[in-house]
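Asker: Following this note's numbering from start to finish, the sequence shown increments by one per residue and tops out at 357.
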Amino acid sequence: MSSAIPTRADLAALPAYVPGRTIPGAIKLASNEVPGGPLPSVAAAIAQATSQVNRYPDMGSQALAERLAGELDVPTERIAIGCGSVSLCQQVVQAMCAPGEEVLFAWRSFEAYPIVTQVANAAAVTVPLDAGHRHDLGAMLDAITPATRVVFVCNPNNPTGTVVHREALTEFLDRVPPHVLVVLDEAYREFVTDREVPDGLEFARTRQNVAVLRTFSKAYGLAGLRVGYAVGPEEVVTALRKVYVAFSVNALAQTAALASLDAKDELLARCADIVLERTRVRETLLAAGYEVPETEANFVWLPLGERTVEFAQHQLEHKVVVRPFAGDGVRVTISTPEENDVFLDAARSFPR
Ligand code: PMP
């Protein structure tokens with residue numbers, strides 16, 4: 006039965022979020038997940054929590070917020086827990102922007118930014134990455150208008166893996182008007198080894214217009230449970246809580262996040278393995294003649310332009326699922342040495 010019920014006309018133009026594909030039997034390097042499953046201690050905590058799923062979760066994720074406040078040395082009032090940090094991206098726009106007000110971000114960057122902006126009836130303003138696939142902070146400053154309310158800086162940037170250094174970020178933040186919220190999206194923070202990359206919390210603790218987004222999906226291996234957090238000015242956090250979808254951070258996610266913080270050292274050691282593999286994968290690709298920007302995340306970026314889709318198809322024929330952004334490049338998640346080798350073999354056999 007066809008329906009004539011009208012929905013928001015502008016949603017027709019909304020770019021649909023394209024999740025990484027899962028193909029049975031194939032190696033999935035498309036979603037920046039970590040390859041290791043939950044640690045036994047975390048799995049046990051989740052299993053234990055299932056006995057309570059007839060109850061609603063704690064609406065404010067209070068235990069987790071308090072634990073993070075202690076770990077991060079910020080007041081609990083400055084922490085919002087969200088159903089993944091992607092949910093917090095949307096909450097930020099909803100909490101900050103009246104219809105038509107502007108959200109500024111680099112492009113290409115995290116593909117959810119334009120979506121959450123439009124969903125919230127705000128206007129996206131994008132600034133191209135520079136020739137080195139990095140944020141062009143100077144051009145971003147120039148793109149700030151009286152209507153700008155939020156600036157996303159994704160550090161390291163998804164999908165290029167490139168970073169913004171402390172000095173450049175400090176200079177940028179010094180020049181952004183104080184009423185504009187700068188959101189440092191640090192979903193890949195735990196994979197950063199470059200000491201010049203600042204911990205965004207340094208800025209969130211001391212500045213009135215900076216928020217940091219973090220997630221348990223990547224380094225902490227809880228992508229399937231959906232939990233992330235924001236640290237920001239108290240007024241912003243209060244507003245984030247107002248636009249929160251009630252009970253959207255479920256009880257298993259809250260328990261698993263707490264158990265993961267207990268197992269932090271073990272989980273971060275797994276990230277160190279990924280970092281070693283990241284170096285090996287990039288160097289192998291460079292030796293094979295590919296351009297690969299330096300990356301501080303758990304993925305590499307191959308700016309293959311017009312050959313992007315062809316490369317992804319070639320990988321698929323070798324049972325490897327990568328993430329193509331048509332006409333632009335391919336993002337490939339770093340996995341185990343064995344899985345990375347399958348990808349690298351296929352990359353070497355790609356006709357060039
Ligand atoms: N920010 C960035 C830059 C990301 O790449 C992702 C995940 N792809 C997220 C936020 C959201 O992660 P999650 O919702 O799983 O916390």
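Where a beta carbon is used, it is the ideal one built from N, C-alpha and C, also for glycine. Predicted model only: the values in this text are computed from it and were never measured.
Of all the alpha helix (DSSP H) runs that stay within the bounds of the segment 229-304, which reach a length of 4 or more residues?
Answerer: 239-247, 256-267 and 269-292
Asker: Is any heavy atom of the ligand PMP found at a distance shorter than 7 Å from the C-beta of Val-188?
Answerer: Remark: the shortest separation between the CB of Val-188 and any heavy atom of the ligand PMP does not fall under 7 Å.
Asker: At a threshold of 7 Å, does Ser-363 count as lining the ligand PMP (C-beta to nearest heavy atom)?
Answerer: Because the chain in this structure spans residues 6 to 357, residue 363 falls outside the shown range and cannot be described.
Asker: Kindly provide the chain-ordered list of residues whose Cβ lies closer than 6 Å to any non-hydrogen atom of the ligand PMP.
Answerer: Asn-37, Gly-89, Ser-90, Val-91, Phe-115, Cys-159, Asn-163, Asp-190, Ala-192, Thr-220, Ser-222, Ala-228 and Gly-233
Asker: From which residue to which residue does the alpha helix (DSSP H) around Thr-211 run?
Answerer: 206-211
Asker: What ranges does the beta strand (DSSP E) occupy inside the segment 10-96, keeping only unbroken runs of at least 3 residues that lie completely in it?
Answerer: 84-87
Asker: Which residues in the same chain as Val-91 place their Cβ atom closer than 7 Å to its Cβ, once the five residues preceding and following it in sequence are excluded?
Answerer: Ala-117
Asker: Tell me where the beta strand (DSSP E) around Phe-157 begins and ends.
Answerer: 153-159
Asker: Based on the DSSP output, what are the partners of Thr-220 in its beta bridges?
Answerer: Gly-233
Asker: State the DSSP-derived secondary structure class of Arg-139, mapped to helix, strand or coil.
Answerer: Coil.
Asker: Would you be able to state if there are at least three C-beta pairs under 8 Å between the segment 55-67 and the segment 257-273?
Answerer: yes
Asker: Near Leu-230, what residues of its chain come up, given a Cβ to Cβ distance below 7 Å and the 5 sequence neighbours on each side ignored?
Answerer: Leu-257, Ala-258 and Ala-261
Asker: Could you name the residues of the same chain whose beta carbon sits closer than 7 Å to that of Thr-27, not counting the 5 residues immediately before and after it, in chain order?
Answerer: The answer, listed in chain order, is Lys-33.
Asker: With 16 as the cutoff for other CB atoms within 10 Å, does Thr-313 come out buried or exposed?
Answerer: buried
Asker: Assuming contact is defined by CB atoms lying nearer than 8 Å, are Phe-221 and Gly-237 in contact in what I supplied?
Answerer: no
Asker: If Leu-44 sits next to Glu-271, beta carbons under 8 Å apart, how far is it from one beta carbon to the other, in whole angstroms?
Answerer: 6 Å
Asker: Take Ala-70 and list the residues in its own chain whose beta-carbon comes closer than 6 Å to its own, dropping the five residues that flank it on each side.
Answerer: Counting only residues of its own chain and dropping the five nearest sequence neighbours on each side, Ala-70 has a CB closer than 6 Å to the CB of Thr-81, Ile-84 and Ile-86.
Asker: Would Ala-100 and Thr-338 qualify as a contact pair, given that the criterion is a beta-carbon distance under 8 Å?
Answerer: No, the pair does not count as a contact, with Cβ atoms beyond the cut-off.
Asker: Only counting the same chain, and skipping five residues up and downstream in sequence, which positions put a Cβ closer than 7 Å to that of Pro-298?
Answerer: Gly-137, His-138, Thr-165, Gly-166, Thr-167 and Trp-306
Asker: The alpha helix (DSSP H) spanning Thr-165 covers which residue range?
Answerer: From DSSP, Thr-165 is part of no alpha helix (DSSP H); its letter is neither H nor E.
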